[in-house]
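Visitor: Take this structure, written in structure tokens, and hold onto it; I'll ask about it next.
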Amino acid sequence: MNQVFVAALLSAATAAAARIEPLGWADDGRTFVYLSVEERTREVQLCPFSVRSGTCTERLGTLDYDPKKPLAGQVPSFDAWLKAHPLTAFGPASRTSPDGKATIDVEADPRAPDRGWALVVTREGTKSTVLTSFGDGLGALATCSSFDVFFSPANRHAVVVVWDGVGDATVVSIGVGLPRVGFFGAPEVADQIEAAGASVVRYPFVRSLKTRPRIVFFKGAFEGLAKKVSTLVPDAGVSPADTLRDDVEVVVHLPAPER
Amino acid sequence: MRPLIATLAVLCSALASAQDAGVLLIEWPADAPRFREPKDSFFYRSEDSFGFHQEGSVIAWCSVKAPCQVDTTPPVEKWIESSASETPSLPNKRASVVVRPGKDPGRWSGRTWTAPPTTLELSVCEGSWCKQPVVVSGRLDPRVRVFWSGGLKRVAWLLQPPGREPRPARVVIMNARFPQAQVLADASTQGAVPAVTRALSPGYVSVKSTGVAKKARETSVVYARSFDLEEARRIAALVPGGASVEELTWATEAEFVIALGASVLGGQP
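Line by line, the protein sequences give chains A and B. To convert a position in the first sequence, counted from 1, into the working numbering, add 12. To convert a position in the second sequence, counted from 1, into the working numbering, add 157.
Structure, rendered in structure tokens:
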């Protein structure tokens, strides 16, 4: 039955108006670490990119970087950060995950086939569109020239660096692990869900949350997973839903924080 | 700024030779300023030359008849004749952009997928007639800006690259006028001139004048400058009885000369 668990998911994107130099995965397995280099201004930032939040969790920068020299030793704050967070080297340069179960492809965006692109994940024979240039509002994808794919060591996530053809890049994350749970809210609960074997990914639609109770939606045969997840969310109910996006099977809805 | 100007001047000079069909392609160097509103202004120095200035300094202006020139020092007022009108459609003309994805669907190499280049077809239309499109291919943002000259003789296309940083851009200057022709006939074909005028389809080719041909011809001929031969073939197809195309080598009052031959008496094309 797991064959229908097409894992994937969209998360937000962080834009980097510069050249991206991927360094590796941090030891938590869900932080993609890269350098954002602006050669004209000799500016460089070290970005630990969280696949859950779709943003850089820290931004360490300097204005005195020589991209022609080795990074080590140039920026003390980088050295300190990298020493505290040992990196795992990237796996084989391939669009197929190291475990061989997921493959990422690029297709024309069905809503704008003449100018848009869609990222498609195929897992165990089932295809799932996880990101589109227009549908998800990522304008950079509309004019992209290339994608670079980096799978996480545990095969749960992939980071895609989208190049615009003239040197700028946008970094996006997608989930490729099993099963996938759309989630937002307390990170400690997300950690528990992931510890139970799921792939926690950021769910983009939060507008109606304030009026919703705590509830775990599921579709198809994922009731068991939803009940398991609901035990981790205090006071949460479980409800079937056939209208979830096709890139997620279970979604945890929490009320929006009080303002 | 000086290296930029030098680079731009060299590049413009080099690309001036690429002038073809009344179109000038300019690729700005990577470190050139991008066009940002509202501090940037686009203008026509004349009907034939298009330029832009940034915060009061002329950066570059380019003509369909001469190589591009770059200067940052002269007062802007000296160069500006009229502001460019930025709109895709006019009462009787419209700019047409067709975006075509490359035939290659893109390819994977290891973890990297590379997109095919985008192709843009730029044209000017009047009624149902569109001029032969100019095809530009590369890593192009399909958001194209269009600038008409005050006399509507020229249209400049600004092809900006994607991304936020200063990147190469392209300017394409097109002749936006629809063809004007002079029709020449000898005594034997004089009677066919009204029919030819009607056949040239008002709105596409207008007959500016008529005259007397110096010699009799078996077949009608459309004469055009070397960069207008493609347009001439379209006109030739409209001439009753058909016409061949030859290069125009003398000064005329219209860019096309149609010399009627006996073939014009034979029927419709």
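For every residue, glycine included, the Cβ atom is placed at its ideal position computed from N, Cα and C.
Counting only the same chain and skipping the five closest in sequence on each side, list residues whose C-beta sits under 6 Å from that of S280/B.
Guide: Closer than 6 Å at the Cβ level, and outside the excluded window around S280/B, lie S253, C287, K288 and P290.
Visitor: Answer with yes or no whether the minimum CB distance from V264/A to chain B is below 8 Å.
Guide: Answer no: the Cβ-Cβ gap between V264/A and chain B never drops below 8 Å.
Visitor: How about T271/B: is its C-beta nearer than 8 Å to some C-beta of chain A?
Guide: Judged by the 8 Å Cβ criterion, T271/B is in contact with chain A.
Visitor: Quick one: what's P79/A bridged to in DSSP?
Guide: P79/A pairs with nothing; no bridge assigned.
Visitor: Ignore the nearest five residues each way along the sequence and tell me which others in G85/A's own chain have a CB closer than 8 Å to its CB.
Guide: D91, listed in sequence order.
Visitor: Spatial neighbours of G36/A within its chain, please: C-beta separation below 7 Å, excluding the five flanking residues on both sides.
Guide: Answer for G36/A: V45, L99, T100, A101 and F102, listed in chain order.
Visitor: Report, in whole angstroms, the separation of the C-beta atoms of P273/B and G263/B, which I expect to be a contact under 8 Å.
Guide: Right, their Cβ atoms sit about 6 Å apart.
Visitor: Under a CB-based cut-off of 8 Å, is S185/A close to chain B?
Guide: No, its Cβ sits nowhere closer than 8 Å to a Cβ of chain B.
Visitor: Does the beta-carbon of Q57/A have 16 or more other beta-carbons within 10 angstroms, so that it is buried, or is it exposed?
Guide: Q57/A is buried by the Cβ-count criterion.
Visitor: Tell whether a beta-carbon distance below 8 Å holds between V63/A and S140/A.
Guide: Contact: no.
Visitor: What does the Cβ neighbour count give for D247/A, buried or exposed, with the cut at 16 atoms within 10 Å?
Guide: So D247/A counts as exposed.
Visitor: Along the alpha helix (DSSP H) that carries F90/A, what are the first and last residues, could you check?
Guide: It spans P88 to A96 - the alpha helix (DSSP H) in which F90/A sits, taken as one unbroken run.
Visitor: Who does A342/B pair with in a DSSP beta bridge?
Guide: Answer is V369/B.
Visitor: Just checking: is the beta-carbon of E261/A within a distance shorter than 8 Å of some beta-carbon in chain B?
Guide: No - not a single Cβ of chain B is within 8 Å of the one on E261/A.
Visitor: Relative to the C-alpha of L315/B, which candidate in E375/B, C219/B and L341/B has its C-alpha closest?
Guide: That would be C219/B, whose Cα lies nearest to the Cα of L315/B.
Visitor: When the Cα atoms are used, what is the spatial distance from Y201/B to F159/A?
Guide: Y201/B and F159/A: Cα-Cα distance of roughly 40 Å.
Visitor: Verify whether the separation of the beta carbon atoms of L357/B and A381/B is less than 8 Å.
Guide: For L357/B and A381/B, no; Cβs fall outside 8 Å.
Visitor: Would you kindly report the start and end of the unbroken alpha helix (DSSP H) that includes G236/A?
Guide: Element bounds for G236/A: E235 to S242.
Visitor: Using a Cβ-Cβ cut-off of less than 7 Å, give me the residues of the region 79 to 111 of chain A that come near chain B, in sequence order.
Guide: Result list: A105, S106 and R107.
Visitor: Run the CB neighbour count on R107/A, radius 10 Å, all protein chains shown included, and call it buried at 16 or more, exposed below.
Guide: R107/A comes out buried.
Visitor: Grab the span of the beta strand (DSSP E) containing E427/B for me, first residue to last.
Guide: In the structure as shown, chain B begins at 158 and stops at 426. Residue 427/B is therefore absent and cannot be evaluated.
Visitor: Report buried or exposed for R71/A, applying the criterion of at least 16 other Cβ atoms within 10 angstroms of its Cβ.
Guide: With fewer than 16 other Cβ atoms within 10 Å, it is exposed.
Visitor: I want to see whether chain B comes within less than 8 Å of F230/A, judged by CB atoms only; does it?
Guide: It does not; no Cβ of chain B falls within 8 Å.
Visitor: Chain B beta carbons: is any one of them nearer than 8 Å to that of R118/A?
Guide: Residue identity differs from the one stated: residue 118/A is Val in this sequence, not Arg. Output row for V118/A: interface = yes.
Visitor: On the DSSP letters alone, give me the boundaries of the beta strand (DSSP E) that T144/A sits inside.
Guide: Segment T138 to T144, the beta strand (DSSP E) holding T144/A.
Visitor: Taking 8 Å as the CB-CB cut-off, is F159/A touching chain B?
Guide: Taking Cβ atoms only, chain B reaches closer than 8 Å to F159/A, which makes this a yes.
Visitor: Taking Cβ-Cβ distances shorter than 7 Å, what residues in chain A pair up with W265/B?
Guide: Correct list: R107.
Visitor: What is the DSSP secondary structure of L422/B, reduced to helix, strand or coil?
Guide: Helix at L422/B.
Visitor: Counting only C-beta atoms, is R327/B closer than 8 Å to chain A at any point?
Guide: So, not an interface residue.
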